[in-house]
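According to full-length UniProt numbering, numbering within the sequence shown proceeds without interruption in unit steps and concludes at 1147.
We put the CB at the ideal spot given by N, CA and C, even for glycine.
The structure displayed is predicted, hence computed values, not measured ones.
What follows is one structure encoded as structure tokens, with my remarks underneath.
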Amino acid sequence: MNQKTTLVLLALAIITIFALVCVLLAGRGGDGTEPSQLPHCPSVSPSAQPWTHPAQSQLFADLSPEELTAVMSFLAQKLGPGLVDAAQARPSDNCVFSVELQLPPKAAALTHLDRGGPPPAREALAIIFFGGQSQPNVSELVVGPLPHPSYMRDVTVERHGGPLPYHRRPVLIREYLDIDQMIFNRELPQAKGLLHHCCFYKIQRKNLVTMTTAPRGLQSGDRATWFGLYYNLSGAGFFLHPVGLELLVDHKALDPAHWTIQKVFYQGRYYESLAQLEDQFEAGLVNVVVIPDNGTGGSWSLKSPVPPGPAPPLQFHPQGPRFSVQGNQVASSMWTFSFGLGAFSGPRIFDIRFQGERVAYEVSVQEALTIYGGNSPAALRSRYTDGGFGLGHFSSPLTRGVDCPYLATYVDWHFLLESQTPKTIHDAFCVFEQNQGLPLRRHHSDFNSYYFGGLAETVLVKLGPGLVDAAQARPSDNCVFSVELQLPPKAAALTHLDRGGPPPAREALAIIFFGGQSQPNVSELVVGPLPHPSYMRDVTVERHGGPLPYHRRPVLIREYLDIDQMIFNRELPQAAGLLHHCCFYKIQRKNLVTMNTAPRGLQSGDRATWFGLYYNLSGAGFFLHPVGLELLVDHKALDPAHWTIQKVFYQGRYYESLAQLEDQFEAGLVNVVVIPDNGTGGSWSLKSPVPPGPAPPLQFHPQGPRFSVQGNQVASSMWTFSFGLGAFSGPRIFDIRFQGERVAYEVSVQEALTIYGGNSPAALRTRYMDGSFGIGKYSTPLTRGVDCPYLATYVDWHFLLESQTPKTIHDAFCVFEQNQGLPLRRHHSDFNSYYFGGLAETVLVFRSVSTLLNYDYVWDMIFHPNGAIEVKVHATGYISSSFLFGAAQKYGNRVGEHTLGTVHTHSAHFKVDLDVAGLENWVWAEDMAFVPTTVPWHPEHQVQRMQVTRKLLETEEQAAFPLGGATPRYLYLASNHSNKWGHPRGYRIQILSFAGEPLPQNSSMERAFSWERYHLAVTQRKEEEPSSTSIFNQNDPWAPTVDFNDFINNETIAGEDLVAWVTAGFLHIPHAEDIPNTVTVGNGVGFFLRPYNFFDEDPSFYSADSVYFREDQDAGDCGINPLACLSQAAACAPDLPAFSHGGFSYN
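So, in structure tokens, the structure goes:
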């Protein structure tokens, strides 16, 4: 037996075992009991159901085939025997162009829907072309009632103020066919010599096709269209194969015999006719570019050359679908709506209700406009208003598993257009529930379960016995605040990665608080080499120009505990009477908690913090329960015994001390608003009052995961990268490669900034720079099935912060592949050549989530199969609130009986170290402009021609774009290497942000986050500019340790190693729906890194997930279409691991 035979038998044995396992799983439960309900994924999708009885409301349902037929019969009877089938009609004929639903008047519809009145008459709208009349025109007729029409009324004058001129009518398919016949049979033979030479043209071969443009002329009354000629490549898009010949056809005459060619354009020059072009060609006066007709020079077909691979993630319903489709109505536990398709306007939905209450009567597409620019006549004049062609008319069947999830519900659409008989587009709509793999809302509370970092043994030995565990350290002690990875120099890393050099020494960065020295300070020490450190060097002066002032240090958890002890044990008893009256306060009850704010003071050197007091509701967010008391604590002194309360704010008024507040309360001078301590007046807990329902959709891997995670490295068939978590800066990825080629060295979060407004002291001064608290430090365990898909890969994170021993956050990262339920690309061709090609959008996601006191930030790095990287942050968690008093609505919205949701902005800053085809990159800005241009073929007319503007940005100032200012729509970093078409290989930065206004630059603390000034800035990469911010900026924003604006100093950015610094954010005015939590929907911002001429074509063309089939092929054949294999590949239910959670304390 040879080796090949052995391998075949082995493969067959494995397949047989797999099939037997599936059968066994199907036949018995996991414990050997009788069959359970979950062993199989559903093998068929939920299907749309017809109306169960005729009396059901069909107000917005598109016309049925029976209704369309009835209308057509009625019109034929009323309009007489001269009516011609539109499929055969010439311009001089009368014909029915279209019949579709006439929407009912809104008042009549609401009377029926809301007040039980009778349904309004069901009617149709017919558009009639009267080409056979003495004054040809277009008329609109309303026909009803359906399903048995008995009347017809002309609404043309009522709607349009008069008859519609005949030249405005859309072009019938018959008219296009007649134009084609004219061009190919009558006109092109006049230039057969040129066409044979340039385009291998023979009449019988039909290797050329025409493509229409619009509008049709230069002034009202015209009907003259430029048609471009293209190679007709079977099974591929002809749109990419112009031969350079364009013809201006005047087809206004009612008799096609009178149509003419008004102008000819060929490869850059205009001619009066094809005969003139032929004459000049024969005379040798035409420079002909011969274009091969086989599609060489590019990947033109949608058929991928790569064989199918393992199936992409598939979504199914573990306990069955959770929505229904009946007729044109969709219902789920939350939503109901009716849907339809306007033949010309496109998709539309009606009577949209959430939990039974209507939120919108109609949401509909109206038009889709595309405006082109170019230097050929077809391009420079094209303005397609697609409604004139028919957004509904040209709907196409949806391909299962590409256009929509495989198990979606598919619905047909019936229409009557340019025909006398109704037609059907099968699977024209799909309805599905999609698990986005993202939490809608979440909050992880570990407020009373503080976690601490640790201390490297070498640092402990080197710094001596005076070093105190940071978990117990007082301000006057020496302690190790943090230890984390010291990133290697880029040059050394690349020498190792790209040229096989030795790896750079692995080192740690330790931050030390020297509170016990005569001049207390903060120092940064680099320790190495790991894992056996032998040296330590102080880099504080090198990095910061001198020792770091001690007041800039972040606040230790021990310091917060000492402040709490001071407030609750020493200060609050001075106002015991008031607190007992207003807030049911007793020391032993501990029903109040403090909430921190920042910055800490009003000028450099201060360390005075406003703390708000809130009810501590067990199992719920205290952030929504202010009692109206705020205390300004001065904690600058090294001895906590010397800390003082500088000012007191209570329910709208300031006091010098709690004792003064108590005295005035006892004297009856304080108007006290008593606030219940049980959270009444709102839904404060995240525990839903609704019992669990059927499980949501679940995605799984029918043929196993298609990526791997080894250590901190992720690999898929397309992408590889390394990931990590900066203790303060947050998630970061390195050495990002697509198909083996590095596109970026580093993409990392730098900072998250929140600026508040309000009328209480805690709110009006708050500017949180979350990096100072620790975006990585306050990462939380990810909850399986909520924070990430249930079957994601979860990875732990180890850290050493404010402790002498390392701790672990279990499940701190997740990596997963997500089927987006959306095509990445697709095309359905139903003329000239009949085929479908497409690719489902399946992305690889790296995620971590940080809970910074009240807010939760979901950080995503998303890798697309076309070489694009998406970086996104979603905000959820609790809003911050303050006590409601005075002119509160200037600063937000009331969200509770005594609670104001305070206005604020969110901004995140990112570092993007792109290496586009090498280290030396240039920055290009591209945009568009309309330029008035004389129409070349009619000089008496002008046209606004769109063209591309390009500018090379040469200095850092030129590449710094202030927030709110004009930013080029296309900005990309490019190499001096070109792709096949001669364009510099580039990656575009596309920002998705709706940021609020930045803090004015005349603010004394604005320099601490001067990066917020810029939407985008590109600078030279420097090792001494590793980050746009510093953890020391929060507590001394008036003299910031790092001022990002200093990075922008007019240095050249031409041919340098560059870094793009990106800001994305949004304005948040809290509202009732932020209770109990802010949702991620609409609260996500970020940016894309998109290839821009980096490749020679779309690299997803080489995806093993590509789907392609032609009309003459069986799309249900597994050998033709890999999606047809899913019914076998996904025969077994996924093997789900038991649910687990990383907990609330980290050991």
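The region 373-422 is shown to contain whole beta strand (DSSP E) runs of 3 or more residues at 383-385 and 409-417, in chain order. If the five residues before and after Pro-145 are omitted, its C-beta is found closer than 7 Å to the C-beta atoms of Ala-121, Arg-122 and Glu-123, all from its own chain and listed in chain order. Between the region 260-269 and the region 1049-1065 there are fewer than three C-beta pairs closer than 8 Å, too few to call the two in contact. For Val-157, the enclosing alpha helix (DSSP H) begins and ends at 156-160. Fewer than three Cβ pairs drawn from the region 348-359 and the region 62-73 lie within less than 8 Å of each other, which leaves the two stretches out of contact. Cβ-Cβ distances below 7 Å link Ser-907 to Leu-753, Ala-995, Glu-1012, Thr-1063 and Gly-1065 in the same chain, with the five nearest sequence neighbours on each side left out; the list follows chain order. If you draw a 10 Å sphere on the C-beta of Thr-902, you find 16 or more other C-beta atoms in it, and that means buried. Approximately 6 Å separates the beta-carbon atoms of Gly-390 and Ala-343; this is inside 8 Å, confirming the contact. DSSP places Cys-788 in the strand class (E or B) of the three-state scheme. Using a 10 angstroms sphere on the CB of Met-928, the tally of other CB atoms stays under 16, which defines it as exposed. In the structure shown, the three-state DSSP call for Leu-844 is strand.
Secondary structure at Asn-866: coil, using DSSP grouped into helix, strand and coil. Between Ser-1103 and Leu-686, the C-beta gap is not smaller than 8 Å, which leaves the two residues out of contact. The beta-bridge partner set that DSSP reports for Glu-1024 is empty. If you draw a straight line from the Cα of Thr-1080 to the Cα of Pro-488, it is about 35 Å long. Straight-line measurement puts the Cα of Pro-962 at about 45 Å from the Cα of Thr-225.
Take the alpha-carbon of Met-861 and the one of Phe-846: they are about 5 Å apart. Pairing Ile-1048 with Thr-967, the inter-Cα distance amounts to about 17 Å.
Apart from the 5 residues on each side of it in sequence, Leu-822 sits with its Cβ closer than 6 Å to the Cβ of Glu-841 in its chain, given in chain order. Scanning the region 797-839 from its first residue to its last, the whole beta strand (DSSP E) runs of 3-plus residues come out as 807-831. Minimum Cα-Cα distance from Thr-905 among the listed residues Val-923, Tyr-550, Asn-832 and Tyr-768 corresponds to Tyr-768.
In this structure, Asp-250 sits away from Ser-92, with a CB-CB distance that is not shorter than 8 Å.
Leu-725 has its alpha-carbon roughly 11 Å from the corresponding atom of Phe-734.
Residue pairing by DSSP places Ser-717 in no beta bridge whatsoever. The Cβ atoms of Leu-245 and Ile-261 do not sit closer than 8 Å to each other. Taking a C-beta distance under 8 Å as the contact criterion, Pro-1026 and Ala-1008 do not qualify as a contact pair. Residue Ile-991 holds the alpha-carbon nearest to the alpha-carbon of Arg-969 among Pro-984, Ser-978, Ile-991 and Ala-960. The beta-carbon separation of His-426 and Pro-397, rounded to 5 Å, stays under the 8 Å limit for a contact. Taking 8 Å as the upper bound for CB-CB distance, Ala-379 and Gly-373 are in contact here, some 7 Å apart.
Rounded to whole angstroms, the separation of the alpha carbons of Asp-787 and Pro-439 is 5 Å. In the DSSP assignment, Gly-771 falls within the unbroken alpha helix (DSSP H) covering 770-773. By the 16-neighbour rule on beta-carbons within 10 angstroms, Asp-180 is exposed. Only exposed fits Met-334, as fewer than 16 other CB atoms lie within 10 angstroms of its CB.
A distance below 8 Å separates the beta carbons of Tyr-972 and Trp-924.
Distances from the CA of Lys-890 to each of Gly-771, Ile-1069 and Leu-302 were compared; the closest alpha carbon is that of Ile-1069.
Ile-736 carries a strand assignment under DSSP once its states are collapsed to helix, strand and coil.
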